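Here UniProt numbering is used: the sequence shown runs in plain steps of one and ends on residue 383. For glycine and all other residues, C-beta sits at the position ideal for the given N, C-alpha and C. No experiment lies behind these values; they were computed from the predicted model shown. Accompanying notes for the structure given below.
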Amino acid sequence: MFSSSSCAYGGKLQSRCLVAQEANSEQHRFLIGSTSLREENEVQLVDYNQESGMATCLHVFPHAHEIWHMSPSPRDASLLITSFHGAQGPGAVLWKMNTTTEPDPLTNDAQSDDVTSAPDGRARSMSLANANLDEVTTFECVDGLPRILWEQKSASTNQERLVALDEHAFRVLDMSEASVQVTDTSSASVGRIMAGALDPYGAGHTLSSVSGVDISVWDCRTSITKPTINVEGAHEYGSIRDIDYNPNKRHVVATSGEDRLIKFWDLRSPGEPMRILAGHSHWVPCIKFNRFHDQLLVSGGTDSYVNLWRVSSISSAPLLELEGEGNCADAGDASIRTFDDHEDSVYAVAWSACDAWVFASLSYDGRVVFNNVPSTEKYKILL
Numbered sequence: 001m002f003s004s005s006s007c008a009y010g011g012k013l014q015s016r017c018l019v020a021q022e023a024n025s026e027q028h029r030f031l032i033g034s035t036s037l038r039e040e041n042e043v044q045l046v047d048y049n050q051e052s053g054m055a056t057c058l059h060v061f062p063h064a065h066e067i068w069h070m071s072p073s074p075r076d077a078s079l080l081i082t083s084f085h086g087a088q089g090p091g092a093v094l095w096k097m098n099t100t101t102e103p104d105p106l107t108n109d110a111q112s113d114d115v116t117s118a119p120d121g122r123a124r125s126m127s128l129a130n131a132n133l134d135e136v137t138t139f140e141c142v143d144g145l146p147r148i149l150w151e152q153k154s155a156s157t158n159q160e161r162l163v164a165l166d167e168h169a170f171r172v173l174d175m176s177e178a179s180v181q182v183t184d185t186s187s188a189s190v191g192r193i194m195a196g197a198l199d200p201y202g203a204g205h206t207l208s209s210v211s212g213v214d215i216s217v218w219d220c221r222t223s224i225t226k227p228t229i230n231v232e233g234a235h236e237y238g239s240i241r242d243i244d245y246n247p248n249k250r251h252v253v254a255t256s257g258e259d260r261l262i263k264f265w266d267l268r269s270p271g272e273p274m275r276i277l278a279g280h281s282h283w284v285p286c287i288k289f290n291r292f293h294d295q296l297l298v299s300g301g302t303d304s305y306v307n308l309w310r311v312s313s314i315s316s317a318p319l320l321e322l323e324g325e326g327n328c329a330d331a332g333d334a335s336i337r338t339f340d341d342h343e344d345s346v347y348a349v350a351w352s353a354c355d356a357w358v359f360a361s362l363s364y365d366g367r368v369v370f371n372n373v374p375s376t377e378k379y380k381i382l383l
């Protein structure tokens with residue numbers, strides 16, 4: 001539980017997509033999507049064993065095109081949406097990940113060239129079962145490459161609500177087993193949408209999107225002709241690259257951008273940011289709140305660094321100062337640790353869906369690093 005070592009897993013192909021397998025709450029499972037121009041692309045399902053500190057590739061799913069966005073189902077671990085560029089243009093498909101067997105990452109079967117990675121350099125071969133992606137349904141591409149977001153808390157087991165972020169608009173989708181139907185399309189004129197997030201408290205009705213240096217908040221229950229909230233110039237220069245909702249404190253989002261900054265906003269009074277963090281020397285393309293403890297946030301930069309942050313002052317629960325620390329400021333907002341395990345730009349970070357303490361990061365060269373929250377920070381939260 002309190003391991004502090006890093007584990008590096010070397011992917012074969014250039015990659016930009018890393019997500020946790022959200023519907024799996026029993027193991028540390030992550031999905032990696034490659035972005036290769038010359039070789040056949042793939043989705044890898046990787047298991048991280050926290051006790052042994054080893055990462056194992058369980059399955060490799062061939063994928064015909066370079067993957068630019070992935071969105072796993074929060075309710076069914078076998079379902080995954082990929083958005084990709086192909087020879088015929090952009091595409092987006094819901095896949096069912098099919099395998100003949102479920103390999104055991106604790107076995108020592110050696111029947112393939114795919115290996116596990118460990119902090120001490122040990123490697124084990126892993127027997128990979130036959131795996132393939134079966135198409136369930138396709139999403140229409142009406143304006144560039146769509147990014148598909150799942151509603152996290154579905155009210156129905158037979159129908160899913162999703163949002164497709166297009167280049168300059170977005171669509172609200174209802175998906176059943178048979179089809180995908182568009183229930184609404186935004187008609188407001190916005191700039192190029194770089195990222196978006198659904199409010200976990202909004203039952204899929206509230207969306208925040210970022211375009212250029214602006215944040216827009218939309219109420220999907222009404223006719224989406226204009227945003228309900230618009231934060232102009234949220235970042236001073238460059239584009240905002242990512243946005244994430246605080247999972248435990250309503251109306252709070254974090255944004256990161258090309259200005260090297262991370263900013264926190266209360267969308268009820270967005271005149272000024274609640275907090276600004278500066279810890280990267282180049283763009284910050286990815287940020288992610290810890291879903292269990294919103295004091296913790298991880299960021300990845302094109303400077304190749306990953307930062308783990310403590311943002312206690314604006315969280316739903318303050319952290320405690322450990323006896324003997326003698327510095328109240330240390331129990332507030334700070335960079336807990338900077339991880340320098342990557343040698344290329346970091347384009348994705350993700351927290352494990354299994355517990356609160358494991359997170360992973362992906363750099364463009366395909367390298368994935370698994371890290372743990374330091375024990376001192378865990379004690380501040382748990383005690």
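Measuring straight from C-alpha to C-alpha, what distance separates residue i and residue j?
i, j, result
"A92", "E377", "40 Å"
"F359", "S15", "17 Å"
"W351", "Q181", "31 Å"
"E258", "A20", "25 Å"
"E40", "A87", "13 Å"
"A353", "R291", "8 Å"
"R98", "N132", "The question names Arg, but residue 98 in the sequence shown is Asn. One C-alpha to the other measures close to 5 Å."
"T338", "S176", "43 Å"
"D166", "C220", "15 Å"
"M274", "R310", "14 Å"
"R147", "P374", "33 Å"
"T222", "I314", "30 Å"
"D214", "V231", "6 Å"
"D134", "S25", "24 Å"
"L31", "I81", "11 Å"
"G11", "N372", "20 Å"
"L162", "A348", "21 Å"
"residue 384", "Q27", "This structure does not reach residue 384, given that the chain is present from 1 up to 383, and the question cannot be answered."
"G238", "C17", "22 Å"
"D266", "F139", "33 Å"
"L173", "W218", "15 Å"
"W357", "V142", "39 Å"
"S34", "P90", "16 Å"
"R241", "S216", "14 Å"
"L145", "F84", "7 Å"
"K249", "G202", "12 Å"
"T100", "K263", "45 Å"
"R38", "G271", "47 Å"
"I243", "S211", "11 Å"
"E160", "L149", "11 Å"
Who are the near neighbours of residue i in its chain, counting only those whose CB is closer than 6 Å to its CB and skipping five residues on each side?
i, result
"V136", "L94, K96"
"N246", "V252, F289, D294"
"R29", "Q21, D47"
"G300", "C286, V306, V346, V349, S361"
"S209", "I193, G196, S216"
"T183", "V172, D174"
"P69", "Sequence inspection shows His at residue 69; the Pro mentioned does not correspond to that position. For H69, where only same-chain residues beyond five positions count, the Cβ hits under 6 Å are S83, R147."
By the 10 Å Cβ neighbour count, where 16 or more other Cβ atoms means buried, how is residue i classified, buried or exposed?
i, result
"G233", "exposed"
"A64", "exposed"
"T302", "buried"
"R260", "buried"
"N130", "exposed"
"G196", "buried"
"L198", "buried"
"residue 386", "The requested residue 386 is not part of the displayed model; the chain covers only 1 to 383."
"Q44", "buried"
"H235", "buried"
"P62", "exposed"
"C328", "For C328, the pLDDT reaches just 45, beneath the cut-off of 50, and the residue's location in the model is therefore unreliable, although a value from the coordinates is still provided. Exposed: under 16 other Cβ atoms inside 10 Å."
"D355", "exposed"
"L297", "buried"
"residue 386", "Past the edges of the chain, shown from 1 to 383, lies residue 386, and the structure says nothing about it."
"L383", "exposed"
"H282", "exposed"
"G42", "Note that residue 42 is Glu in the sequence shown here, rather than Gly. Buried is the call here."
In chain order, what residues of the same chain lie with their CB nearer than 7 Å to the CB of residue i, ignoring the 5 residues before and after it?
i, result
"D341", "S6, A8, V369"
"T185", "A169, R171"
"S36", "L13, Q14, E66"
"I336", "L308, W309, R310, P374, E377"
"S269", "none"
"S78", "K96, M97"
"H205", "D219, C220, R221"
"S316", "N248, K249, D294"
Tell me which same chain residues have a C-beta within less than 8 Å of the C-beta of residue i, skipping the five on either side of it?
i, result
"P200", "Q152, K153, Y245, P247"
"E343", "S304, S363, D365, R367"
Is residue i a contact residue of the ligand NAP, with contact defined as CB to any heavy atom under 7 Å?
i, result
"S179", "Looking at this structure, you won't find the ligand NAP or any other ligand, since it has none at all."
With three or more C-beta pairs closer than 8 Å as the rule, is the segment 45-57 touching the segment 67-74?
no
Given 8 Å, three or more beta-carbon pairs between the segment 360-376 and the segment 273-281
no
Give the list of continuous beta strand (DSSP E) stretches no shorter than 3 residues that lie fully inside the UniProt repeat "WD" (277-313).
286-289, 296-300, 306-311
Inside the segment 337-374 only - beta strand (DSSP E) runs reaching at least 3 residues:
346-351, 358-363, 367-372
At 3 residues or longer, and completely inside the segment 193-268: list those beta strand (DSSP E) runs for me, N to C.
193-198, 206-211, 214-219, 229-231, 240-245, 252-257, 261-266
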